[in-house]
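> The listed protein sequences derive, respectively, from chains A and B. My numbering applies: residue 55 is where the first sequence begins, and numbers increase by one. My numbering applies: residue 55 is where the second sequence begins, and numbers increase by one.
There are 2 protein chains.
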Amino acid sequence: MALKDELGLREGFHTLEHEALLNIYFTSSCIKKAATEFFRAYGLTDVQFNLMMLLWYQSPEGGGLTQVDLSRMMLVNRANITTLIDRMEKADLVKRTAAPGDRRCHIVRLTANGEKLLRDVEKAYRENVRSIMGPLNTSQLTRLIAMLERIRTSLTE
Amino acid sequence: MALKDELGLREGFHTLEHEALLNIYFTSSCIKKAATEFFRAYGLTDVQFNLMMLLWYQSPEGGGLTQVDLSRMMLVNRANITTLIDRMEKADLVKRTAAPGDRRCHIVRLTANGEKLLRDVEKAYRENVRSIMGPLNTSQLTRLIAMLERIRTSLTE
DNA sequence: CATGTATAGTTTATACATTAACGAAGTGCC
DNA sequence: GGCACTTCGTTAATGTATAAACTATACATG
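#1: Drop a sphere of 10 angstroms on the beta-carbon of Glu71(B), count the other beta-carbons inside from all chains shown, and report buried for 16 or more, exposed for fewer.
#2: What are the boundary residues of the beta strand (DSSP E) that Thr210(B) is part of?
#3: In terms of DSSP beta bridges, what is Thr120(A) paired with?
#4: Please state the DSSP three-state secondary structure of Thr136(B).
#5: How about Asp123(B): is its Cβ closer than 7 Å to a heavy atom in the ligand NAD?
#6: Please state if the CB of Gln112(A) and the CB of Leu63(B) are separated by a distance shorter than 8 Å.
#7: Can you name the residues of chain B whose CB is closer than 8 Å to the CB of Met127(A)?
#8: From the DSSP secondary-structure annotation, give me the bridge partner or partners of Val101(B).
#9: How should His160(B) be labelled, buried or exposed, when 16 other C-beta atoms within 10 angstroms of its C-beta is the threshold for buried?
#10: Report yes if the CB atom of Met201(A) is closer than 8 Å to the CB atom of Leu198(B), and no otherwise.
#11: Who are Arg180(B)'s beta bridge partners in DSSP?
#12: Across the stretch 120 to 128 of chain B and the stretch 72 to 91 of chain B, are there enough close Cβ pairs to call them in contact, namely three or more that are closer than 8 Å?
#13: For Ala89(A), which three-state DSSP category applies?
#14: Counting contacts by CB-CB distance shorter than 8 Å, is Val162(B) in contact with chain A?
#15: Let's see if you can read the secondary structure: which residues bound the beta strand (DSSP E) around Arg150(A)?
#16: Taking Gly118(B) as the query, report the chain A residues whose CB atoms sit under 9 Å from its CB, ordered along the chain.
#17: Assuming Asp156(B) is part of the alpha helix (DSSP H), what are its boundary residues?
#18: Name the chain B residues whose beta carbon is nearer than 9 Å to that of Glu181(A)?
#19: For Thr69(A), which three-state DSSP category applies?
#20: To be precise: take each residue of the stretch 149 to 161 of chain A, compare its Cβ to all Cβ atoms of chain B, and keep it if any distance is under 7 Å. Which residues remain?
#21: With a threshold of 8 Å on Cβ separation, who are the neighbours of Thr136(A) within its own chain once the five nearest residues in sequence on each side are excluded?
#22: Whose CA, out of Thr90(A), Asn104(A), Ser208(A), Gly117(A), lies closest to the CA of Pro154(A)?
#23: For Gln194(A), decide whether its Cβ has a neighbour in chain B, counting only Cβ atoms nearer than 8 Å.
#24: Do the stretch 169 to 182 of chain B and the stretch 85 to 104 of chain B touch if we need at least three Cβ pairs shorter than 8 Å?
#25: The alpha helix (DSSP H) with Leu57(A) in it runs from where to where?
#26: Tell me the rounded alpha-carbon separation between Phe67(B) and Asn134(B).
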């Protein structure tokens with residue numbers, strides 16, 4: 055259904071460019087809502103899960119990432135990571151550890167509990183993603199990704 | 055540039071579906087950051103501008119929308135509209151007025167000041183949107199919109 | 001080595017989003 | 001007329017995001 059009808063608007067958008075931009079914005083919003091709903095059953099938020107996935111798949115050999123690493127990979131301000139990690143430490147999902155050779159850094163690592171939870175959730179998450187994106191075939195997904203990359207490039211010029 | 059490189063990831067995404075989903079999510083995030091930056095010069099946020107646009111273009115004859123109308127058109131909870139309108143009333147952008155025949159409702163309307171500001175900002179905003187979406191031609195925009203609509207449909211099943 | 005500069009993390013103030021619970025007001029129906 | 005049910009807006013608790021100002025630490029260079 056067209057976005058105009060989903061939002062119950064009386065008037066449409068003036069330009070195709072604006073309609074496309076709002077489609078990206080509201081589709082992302084819908085995805086976020088669905089993710090929030092999905093993770094609630096596990097006592098997690100989508101942001102917390104994303105952070106745990108980064109710790110699991112993007113950590114170098116020794117394991118763990120600094121808070122600045124996380125802020126860069128999540129495209130958020132580093133101030134935001136502080137309170138995020140505070141909450142996740144309280145929930146026994148991650149822990150801050152010392153960085154050898156740089157006393158400014160905190161290396162964030164999954165706790166045993168966090169690692170176990172991640173393993174439990176991940177399979178269902180991947181199936182969910184596949185089913186959400188199911189209606190698009192491989193070539194459509196590739197084209198979608200290429201278009202979004204071009205938009206991001208145009209944004210940073 | 056591929057999302058993996060923009061975020062500085064060591065490992066890529068496991069599936070094309072996941073990569074596409076994260077592309078939507080992060081592209082929307084980039085758009086939001088650019089919009090925030092754009093509106094800062096006018097003392098507005100992107101959310102406030104969006105609400106003012108709805109009041110201007112989506113109001114019925116008498117003018118104005120209820121808070122529930124706004125929450126539906128913005129895809130947010132109605133509780134969120136309360137504090138949003140509180141802030142915007144304080145900034146003299148909108149006002150709550152009585153709804154004839156239904157004392158439960160507040161009809162939200164632009165103030166003279168809000169209307170003037172909207173007119174000032176709108177032209178530059180539209181040019182901005184065109185330039186951001188510039189790299190995609192009409193047929194690409196149409197296909198992008200169609201794909202995002204299909205994803206939203208699949209989300210609500 | 002000393003000084004200047006850059007980087008990592010935190011704090012504070014603010015904005016936006018959710019859910020749950022509540023009060024006030026409209027609606028339907030006997 | 002009265003009672004149940006719904007709808008509209010608000011409040012409180014919580015999570016996520018920002019920018020700006022701050023501390024502590026590391027580094028580079030003269």
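Cβ coordinates follow ideal geometry from the N, Cα and C atoms, glycine included. Remember, predicted model here, so these are calculated numbers, not experimental data.
Result, derived from the coordinates:
#1: buried
#2: Segment: none, Thr210(B) is in no beta strand (DSSP E) and carries neither H nor E.
#3: Ile161(A)
#4: helix
#5: As far as ligands go, the structure on display features none, and thus does not contain the ligand NAD.
#6: yes
#7: Leu61, Gly62, Leu63
#8: Paired residue(s): none; Val101(B) is not in a bridge.
#9: buried
#10: yes
#11: Beta-bridge partners assigned by DSSP to Arg180(B): none are found.
#12: no
#13: helix
#14: no
#15: Counting along the chain, the beta strand (DSSP E) containing Arg150(A) begins and ends at 148 to 152.
#16: The premise fails here: Gly118(B) is roughly 13 Å from chain A at the closest Cβ pair, so nothing lies under 9 Å.
#17: Counting along the chain, Asp156(B) falls outside any alpha helix (DSSP H), and DSSP gives it neither H nor E.
#18: Simply none; closest approach about 10 Å.
#19: coil
#20: Taking 7 Å as the Cβ-Cβ cut-off against chain B, none of the residues of the stretch 149 to 161 of chain A qualify.
#21: Gln121
#22: Gly117(A)
#23: yes
#24: yes
#25: 57 to 60
#26: 34 Å
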